[in-house]
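All remarks here apply to the structure that follows.
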Amino acid sequence: MDKERASALTQGRSDPIAESWEATNISYQRVLDHLLELSAKHRDKYRVIVATHNEHSVQHTLGRWGLRPNTPPPPRS
Numbered sequence: 001m002d003k004e005r006a007s008a009l010t011q012g013r014s015d016p017i018a019e020s021w022e023a024t025n026i027s028y029q030r031v032l033d034h035l036l037e038l039s040a041k042h043r044d045k046y047r048v049i050v051a052t053h054n055e056h057s058v059q060h061t062l063g064r065w066g067l068r069p070n071t072p073p074p075p076r077s
């Protein structure tokens, strides 16, 4: 992270590291929501694999898909 921060500073970019654990989760959730929306609208173009160890993100994703834990996703058409 120190190298990424130093590189950004040298190149005049903003700090690419989230300021806190909570900010990281919020950023991840926003990107995840965007990808899930794209995937739902354009099922033939996008495939999403959600890889996280964050329980909240897993539960959120399952809820967006209308699933409960340990329920397989519906087949893609």
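With the UniProt record's numbering applied, the sequence shown has no gaps in its numbers, which climb one by one up to 77 at the end.
Just so you know, even glycine gets a beta-carbon here, dropped at the ideal spot from N, CA and C.
In this text the structure is predicted, and so the values were computed from the model without any measurement.
A residue is called buried when at least 16 other Cβ atoms come within 10 angstroms of its Cβ; threonine 10 does not meet this threshold and is exposed. Here threonine 24 has Ala18 as same chain residues with Cβ atoms under 8 Å from its own Cβ, once five neighbours each way along the sequence are excluded. Note on geometry: alpha-carbon atoms of glutamate 55 and arginine 13 lie some 32 Å from one another.
Under the three-state reduction of DSSP, valine 31 is assigned to helix. Serine 7: member of the alpha helix (DSSP H) spanning 2–10, first to last residue.
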